[in-house]
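Undergrad: Sequential numbering from 0 applies to the sequence shown in numbering that gives the first Met the number 0. The following block contains the structure, expressed as structure tokens.
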Amino acid sequence: MNIYVSNISFSADEEDLELAFSEFGAVSSVKIVIDRETGKSRGFGFVEMDDEDEALNAIESLNGFELLGRELVVRKANPPKSGGGGGGGQGYQNKRGGKNKY
0 MNIYVSNISF
10 SADEEDLELA
20 FSEFGAVSSV
30 KIVIDRETGK
40 SRGFGFVEMD
50 DEDEALNAIE
60 SLNGFELLGR
70 ELVVRKANPP
80 KSGGGGGGGQ
90 GYQNKRGGKN
100 KY
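Given below as structure tokens:
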């Protein structure tokens, strides 16, 4: 199960999260999202646990848990939206109401 974790302390690292979640079962992966421009944590991330019962127990137990001075917000992650972004546009309308060819 993929678990979304937010309100992560900016001083926390993936090892800190793994340690907290491993109290409830085996952790497959941990990823704290990093800002591309600054290289610093964005304050949220994901934890993957294979056993659903262990994951649900971790969610229930760690939601509101204080880790390095901040209360974690923990919930089941929403699946990624399919299809990607963009597309579909209506085209640019000029002032006369017609569509431009470009």
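Ideal Cβ placement from N, Cα and C applies to all residues, glycine included. The structure presented is a predicted model; accordingly, all values stated were derived computationally and were not measured.
Taking the alpha carbon of isoleucine 7 as the point to measure from, which residue in Leu66, Ala19, Asp52 has its own alpha carbon closest?
TA: Isoleucine 7 has its Cα closest to that of Leu66, out of Leu66, Ala19, Asp52.
Undergrad: For leucine 55, does the three-state DSSP call read helix, strand or coil?
TA: The answer is helix: DSSP assigns leucine 55 an H, G or I state.
Undergrad: From the DSSP output, in three-state form, read off phenylalanine 20 for me.
TA: Looking at phenylalanine 20 - three-state DSSP - the assignment turns out to be helix.
Undergrad: Taking glycine 128 as the reference, give the member of Gly44, Asp52, Gly63, Gly38 with the closest Cα.
TA: Any property of residue 128 remains undetermined from this structure, which presents the chain solely from 0 to 101.
Undergrad: Is it right to say alanine 76 is buried, meaning 16 or more other beta carbons lie within 10 angstroms of its own, or is it exposed?
TA: By the 10 Å Cβ count, alanine 76 comes out exposed.
Undergrad: Measure how close the beta-carbons of isoleucine 31 and aspartate 12 come, nearest whole angstrom, since I'm counting them as under 8 Å.
TA: At roughly 7 Å, the Cβ-Cβ gap stays under 8 Å, so isoleucine 31 and aspartate 12 are in contact.
Undergrad: Could you tell me which residues DSSP pairs with leucine 66 in its beta bridges?
TA: Answer is Arg69, bridged to leucine 66.
Undergrad: Applying the 10 Å Cβ sphere with the 16-neighbour rule, what's the burial state of glycine 68?
TA: Glycine 68 should be labelled exposed.
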